[in-house]
Amino acid sequence: MLLKNDSITRDIGGFIQDWTIQPPGQICKERKAEVCVERATGRCSILLSNLFYECHQVIPPNSFYATCEENNCFGEEVCEIVASYAHLCKVHGVCVDWRTPDFCAMPCPASLIYQPCKKGCTKHCENGTDMQICTDYATEGCFCPPGQVVLDGTCVHEDICSQCIGEDGSRHQLLETWIPSIDPCKVCMCLENRTVNCVPQPCATAKPIDCGPCEIPRLQRNSNQCCPVFECVCDLISCKLPLIPHCEDGLQLIQTNPGGCRPDYACVCKKEECKPQSTPFCPPHRKPVLVKTRCCDEFQCVCSCNNSTVTCPPGYLSSSITNDCGCTSTTCIPDQVCVHRNIVYPLGMTWEEGCKECSCTHMKDAVTGLRITECLEKGCSTSCPAGYKYVNREGACCGKCLRTMCEDKPLWSRRDEDVVWHNVGSEWTSPTDPCVIKKCIRVNEEVFIQTRNVSCQAREPISCPFATEMRCDQRSGCCPSCRCEPVNGCVLNGTVLAPGKRMLLDECTTCQCTTRQGLFLTYKLTCGKITCEPCPKNYRMEKTSGSCCGKCLPTRCDIQLRDGTILYLKPNETIQDGCDNHFCKVNQKGDFVWERKITGCPPFDSKKCLAEGGKVTKLGSTCCETCVEPECRLATGRLEFVKVDDCVNENQLNLHYCEGKCSSQAIYNITLNRIEDLCSCCSATAADTMRVPLRCANGSLVHHQVFNARECDCLSRKCQP
1 MLLKNDSITR DIGGFIQDWT IQPPGQICKE RKAEVCVERA TGRCSILLSN
51 LFYECHQVIP PNSFYATCEE NNCFGEEVCE IVASYAHLCK VHGVCVDWRT
101 PDFCAMPCPA SLIYQPCKKG CTKHCENGTD MQICTDYATE GCFCPPGQVV
151 LDGTCVHEDI CSQCIGEDGS RHQLLETWIP SIDPCKVCMC LENRTVNCVP
201 QPCATAKPID CGPCEIPRLQ RNSNQCCPVF ECVCDLISCK LPLIPHCEDG
251 LQLIQTNPGG CRPDYACVCK KEECKPQSTP FCPPHRKPVL VKTRCCDEFQ
301 CVCSCNNSTV TCPPGYLSSS ITNDCGCTST TCIPDQVCVH RNIVYPLGMT
351 WEEGCKECSC THMKDAVTGL RITECLEKGC STSCPAGYKY VNREGACCGK
401 CLRTMCEDKP LWSRRDEDVV WHNVGSEWTS PTDPCVIKKC IRVNEEVFIQ
451 TRNVSCQARE PISCPFATEM RCDQRSGCCP SCRCEPVNGC VLNGTVLAPG
501 KRMLLDECTT CQCTTRQGLF LTYKLTCGKI TCEPCPKNYR MEKTSGSCCG
551 KCLPTRCDIQ LRDGTILYLK PNETIQDGCD NHFCKVNQKG DFVWERKITG
601 CPPFDSKKCL AEGGKVTKLG STCCETCVEP ECRLATGRLE FVKVDDCVNE
651 NQLNLHYCEG KCSSQAIYNI TLNRIEDLCS CCSATAADTM RVPLRCANGS
701 LVHHQVFNAR ECDCLSRKCQ P
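Sequential numbering of the sequence shown, starting at 1, is according to full-length UniProt numbering.
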């Protein structure tokens with residue numbers, strides 16, 4: 001095993017002791033032999049754990065584990081053995097963070113932190129000199145945190161290294177100037193290497209200073225002051241103090257310049273001094289809401305409208321009032337009416353109710369606000385006019401005057417003396433018509449006169465022939481005389497048709513009765529028949545009730561294609577015309593309806609596509625058309641130079657050629673048991689010859705033939721290896 005001095009040893013204990021790093025401030029002492037009370041074999045197993053797996057590949061842990069088991073009476077010795085193995089691991093580039101707070105912890109002094117694998121530099125600033133101790137290998141120990149350096153054995157911030165310490169112990173940054181408190185007549189500066197340079201403070205002529213409001217300058221001399229200077233003191237005589245502001249919303253009044261000669265006030269918020277807000281009482285149309293203010297929140301009664309529809313009971317009028325919030329409240333105001341048994345009666349109205357007579361008075365009900373209804377028992381009058389008799393009614397308050405005699409009075413009479421009274425059951429002849437007999441009868445409680453004609457001698461009824469009617473007139477006495485006379489009108493199929501009237505014999509025949517003037521008035525019957533027009537092609541005649549000719553109904557749908565062609569579709573038949581779908585259906589009324597559905601397609605010019613050599617195909621699975629450019633197409637080029645011997649062309653020549661891409665593939669041939677290449681090239685399938693005039697050097701003109709491609713296509717070719 002290799003020691004620090006590069007020597008080799010077989011003593012494991014000595015090897016461990018040589019490589020063990022003691023914590024700062026401790027003295028390594030030899031452990032005294034003691035009785036082993038509890039072995040630490042279980043703690044040695046950390047050497048074989050996966051924590052040291054990477055190190056196992058470099059340094060086998062078996063010997064260290066064996067030594068640990070031999071010397072495992074005390075945990076400190078186990079920690080030394082594990083620390084030695086971990087140190088060797090770090091030497092070989094494998095750093096293991098194996099310590100825990102409960103296992104072999106390495107305590108660090110205050111301001112230092114433990115790092116198992118510290119690399120790089122540690123900064124020191126001792127005696128005003130910055131120093132760095134750098135290592136290129138991992139080191140275990142207690143170090144300063146990042147951004148701090150070692151000063152007098154403790155970790156401090158990097159800025160402290162460049163600070164100067166004054167005579168009074170105060171610290172100052174580099175190039176900072178200050179006046180020492182123990183000697184105010186000096187001016188000191190912090191220089192490099194934490195050097196302090198102090199010089200006497202020069203005194204200049206004291207100059208007046210600009211003072212603030214309500215201040216005046218005054219020359220000041222103090223025992224601890226080297227140079228006299230002006231100072232500003234308060235002028236309370238001529239100073240105009242500002243107005244003290246009134247603070248709202250819970251803001252507190254403070255002086256922003258305590259100790260100033262002219263006080264400045266401001267309203268500031270002190271949330272901690274805000275008093276708890278209690279919910280205030282608000283009117284019904286407002287509700288309490290906690291409002292955010294500049295400082296202390298406060299409750300405010302904000303508008304809260306709850307408009308509702310109020311239905312007033314009978315006798316009341318609705319009155320709507322809009323308050324300051326714009327809320328509408330409806331109240332019921334009593335009207336100047338009476339409400340009796342839920343019925344409204346106007347003021348002054350009277351009515352009967354059973355044996356009482358009620359009226360709507362001017363008196364007002366103090367509770368309801370309505371007028372008071374007054375009902376009084378009514379008195380009964382037993383006096384009746386002539387021809388009437390007072391009769392009590394069962395269950396009624398008063399009796400009733402019932403008529404007991406019939407009153408017969410001539411129409412031309414206006415005097416009461418001409419009235420003749422007849423008892424019930426008596427009969428008499430009408431004084432104005434001897435053919436009328438009157439009788440006084442009673443029906444229930446009513447009495448009235450019943451009239452009937454004088455009965456004439458019964459005769460056999462006259463049977464008038466067809467087209468005649470019986471007419472009766474009273475020529476003498478009370479009984480009429482009857483006879484048969486021709487009817488006024490035309491006779492048709494046992495029916496008499498009045499003059500000017502029409503009659504429909506059947507759906508197509510109509511007859512009319514007209515009159516003829518002459519010596520005698522005669523009647524003429526004229527009949528006419530309607531002629532029906534035949535239905536056009538693809539229409540059928542359907543008879544309808546009450547119609548002679550019926551109506552022509554279609555049997556197919558007439559449709560027109562895009563090219564103007566007229567077609568006829570049967571019901572439920574469909575035809576596609578490009579992107580137009582035509583459908584024939586029959587609606588609930590039996591009418592034939594032509595439905596045309598048009599599919600919208602993007603703009604497409606088929607002529608341009610074909611002119612450029614493309615192919616017109618369908619766009620996917622739609623009915624729309626699109627242009628597919630050919631893989632191999634005819635292109636036009638410009639031939640600028642043609643030379644044959646000493647003859648060249650004078651003009652440029654437009655020449656057609658083939659260009660484009662064609663598919664190629666490599667397919668396995670199972671017969672030949674190999675992969676064969678299949679190639680196709682863009683080739684000319686047809687060409688024309690063109691005569692090109694060439695001008696020779698001797699001035700003569702000759703013609704030369706060139707080939708001009710006319711058609712192009714992809715042709716199979718054998719692929720060259």
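The beta carbon of each residue, even a glycine, is placed where N, CA and C say it ideally should be.
Computed from a prediction, not measured in an experiment: that's the story for all the values here.
Residue burial classification, E377 (beta-carbon count within 10 angstroms, cutoff 16):
Counting Cβ neighbours within 10 Å, E377 comes out exposed, since fewer than 16 surround it.
Grab the span of the beta strand (DSSP E) containing C679 for me, first residue to last.
Per DSSP, the continuous beta strand (DSSP E) segment holding C679 begins and ends at R674 to R695.
Who are C239's beta bridge partners in DSSP?
Per DSSP, C239 has no beta bridge partner at all.
Whole angstroms is fine: what's the gap from C397's alpha carbon to C456's?
So the two alpha carbons sit approximately 51 Å from each other.
Under 6 Å Cβ to Cβ from K32, same chain only, skipping five residues before and after it: list those, please.
Annotation note: pLDDT 44 at K32 (below 50); position unreliable, no value reported.
If you draw a straight line from the C-alpha of R628 to the C-alpha of P603, how long is it?
Residue identity differs from the one stated: residue 628 is Val in this sequence, not Arg. Going by the C-alpha atoms only, they are around 15 Å apart.
Might you give, ordered along the chain, the residues of its own chain that have their beta carbon closer than 6 Å to the beta carbon of V420, omitting 5 neighbours on each side?
Here the set comprises D408.
Nearest-angstrom Cβ-Cβ length linking I59 and H92, presumed shorter than 8 Å:
I59 to H92, Cβ: 6 Å. Contact.
Which runs of the beta strand (DSSP E), 3 residues or longer, sit entirely within the region 521 to 598?
DSSP assignment within the region 521 to 598 yields the following whole beta strand (DSSP E) runs of 3 residues or more, N-terminal first: 522 to 529, 539 to 542, 551 to 554, 557 to 560, 566 to 569, 574 to 577, 580 to 586 and 592 to 598.
N708 (DSSP reduced to helix, strand or coil):
Three-state DSSP puts N708 in a strand.
Would DSSP call L402 helix, strand or coil?
Residue state, collapsed to three classes: strand.
Do C360 and T368 have their C-beta atoms closer together than 8 Å?
Note that the C-beta distance between C360 and T368 is not below 8 Å.
Three or more C-beta pairs closer than 8 Å, one from the region 652 to 663 and one from the region 682 to 695: is that the case here?
Yes, the region 652 to 663 touches the region 682 to 695.
Could you check whether H582 and I559 sit closer than 8 Å to each other, using their CB atoms as the reference points?
Their beta carbons are under 8 Å apart, which means I559 touches H582 by this criterion.
Nonlocal neighbours in the same chain, by C-beta distance under 7 Å from K551, ignoring five residues either side
Counting only Cβ-Cβ distances below 7 Å, and skipping sequence neighbours, we find E542 and T544.
My understanding is that C714 touches E631, with C-beta atoms under 8 Å, so please give their C-beta distance in whole angstroms.
Confirmed, Cβ separation roughly 6 Å.
I need the DSSP call for I667, collapsed to helix, strand or coil.
Correct three-state label for I667: strand.
My parser needs the alpha helix (DSSP H) runs of 4 or more residues fully inside the region 278 to 360; what are they?
Every candidate alpha helix (DSSP H) stretch fails here, since none sits fully inside the region 278 to 360 while reaching 4 residues.
For G494 and F466, the rounded distance between their alpha carbons
One C-alpha to the other measures close to 8 Å.
Find out if the Cβ-Cβ distance for the pair C296, C274 is shorter than 8 Å.
Cβ atoms of C296 and C274: closer than 8 Å.
Decide if G326 is buried, meaning its Cβ has at least 16 other Cβ atoms within 10 Å, or exposed.
G326 counts as exposed, since fewer than 16 other beta carbons sit within 10 angstroms of its beta carbon.
Close beta carbons around C227, own chain, < 6 Å, minus the five adjacent residues each side
Annotation for C227: C203 place their beta carbon closer than 6 Å to its own, counting only its chain and skipping 5 residues before and after.
Which two residues bound the contiguous alpha helix (DSSP H) that contains K409?
First-last for K409: undefined, no H or E at that position.
Quick one: Cα of R43 to Cα of V78, how far?
Straight-line measurement puts the Cα of V78 at about 7 Å from the Cα of R43.
For M189, list the residues DSSP reports as bridge partners.
Here M189 is bridged, per DSSP, to T177 and N197.
Write down the C-beta distance between L694 and V642 rounded to the nearest angstrom, noting that I regard them as a contact closer than 8 Å.
Under the criterion of beta carbons closer than 8 Å, L694 and V642 qualify as touching, at roughly 7 Å.
Through-space distance from V94 to I46, alpha-carbon basis:
Rounded to whole angstroms, I46 to V94 spans 16 Å at the Cα level.
Are V156 and T122 close, meaning C-beta to C-beta below 8 Å?
Cβ distance not < 8 Å, so V156 and T122 don't count as in contact.
Go ahead and label P101 buried or exposed: buried means 16 or more other beta carbons lie within 10 angstroms of its beta carbon, across all protein chains shown.
By the 16-neighbour rule on beta-carbons within 10 angstroms, P101 is exposed.
Pairwise C-alpha distance: N538 and C662:
Separation of C662 and N538 (C-alpha to C-alpha, rounded to the nearest whole angstrom) is 55 Å.
Could you work out which residue in G578, G141, T555 and L561 is closest to D591 when comparing CA atoms only?
Distance from the Cα of D591 is smallest, within the candidate group G578, G141, T555 and L561, for T555.
How would you call A83, buried or exposed, if buried means at least 16 neighbouring beta carbons within 10 angstroms?
With 16 or more Cβ atoms within 10 Å of its Cβ, A83 is classed as buried.
Quick one: give me the first and last residue of the alpha helix (DSSP H) that C609 is part of.
Per DSSP, the continuous alpha helix (DSSP H) segment holding C609 begins and ends at S606 to A611.
When you compare the region 130 to 147 with the region 176 to 189, are there three or more beta-carbon pairs, one atom per stretch, that lie closer than 8 Å?
No, the region 130 to 147 does not touch the region 176 to 189.
Just grab the DSSP bridge partners of W421 for me.
Assignment of beta-bridge partners to W421 by DSSP yields E407.
Between the C-alpha atoms of G25 and T154, what's the straight-line distance to the nearest angstrom?
Low per-residue confidence applies at G25: pLDDT is 48, beneath 50, and the placement is therefore not dependable, though the value from the model is reported in the following sentence. So the alpha carbons of these two residues sit roughly 13 Å apart.
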